[in-house]
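Down below is the structure, laid out as structure tokens.
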Amino acid sequence: MLDTASMAAAARAAYGPEELEALAAYSDLYAALESCGLHPYVETRGGLAVCAYTADGSLIVVAGQDALPLRRQSLKGWHITHVPEDSPSPSWRCAVYDTVPQDPASEAAGSLALDEATGAVTAHLVACRAGAAA
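The sequence shown maps to residues 27 to 160 in our numbering.
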């Protein structure tokens, strides 16, 4: 089995100033993912996201419309996916939770409630485990 805690720790050990600034901006999201038993880290390749390893080594990726804005007040909603690996073109992608409005420039922001977002992540992962066991 993959040691996802070590993989996340290795990613955190390589943090530079940009990742540390992002971690400060999204510390509540980071803590919420940890409370779900996941192993989060900040990802800045290809845009800012907070990713978290699951027990099976797959990833939960939290972004906004595209990437997370470093200025938190610009965030219009959560876009959360589940992917098999950290790559630009994963072999599959599950949409877990999305509150980003269709037109973020003109529509009101979607929900930014972390309890709703982490509840959706937890429910999705339980369903995935149940499907894998069947």
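In this text, a Cβ means the ideal position worked out from N, Cα and C, and glycines have one as well.
Tell me which residue opens and which closes the alpha helix (DSSP H) that Glu142 is part of.
140–159
Whole angstroms are fine: how far does the CA of Ser132 sit from the CA of Met27?
Only weak support exists for where Met27 lies, its pLDDT of 45 falling under 50; the value from the coordinates is given anyway. If I take the Cα positions, the gap works out to 46 Å.
Segment limits, alpha helix (DSSP H) that includes Thr30:
30–39
Could you tell me which of Gln91, Leu59, Leu94 sits nearest to Ala216, measuring between CA atoms?
The chain is shown from 27 up to 160; residue 216 falls before or after that span and cannot be answered.
Which full runs of the alpha helix (DSSP H) of 4+ residues lie inside the region 43–122, going along the chain?
43–51, 53–61
DSSP three-state label for Met27, please.
At Met27 the pLDDT is 45, less than 50, meaning the model places this residue with poor confidence; the figure from the coordinates comes in the next sentence. Three-state DSSP puts Met27 in coil, outside helix and strand.
What's the call for Gly83, buried or exposed, on a 16-neighbour Cβ count within 10 Å?
exposed
Please name the residue in Leu96, Gln91, Ala31 whose C-alpha comes closest to that of Ser53.
Leu96
Would you report the Cα separation of Ala57 and Gly72, rounded to the nearest angstrom?
23 Å
Between the alpha carbons of Ala158 and Val152, how many angstroms are there, rounded?
10 Å
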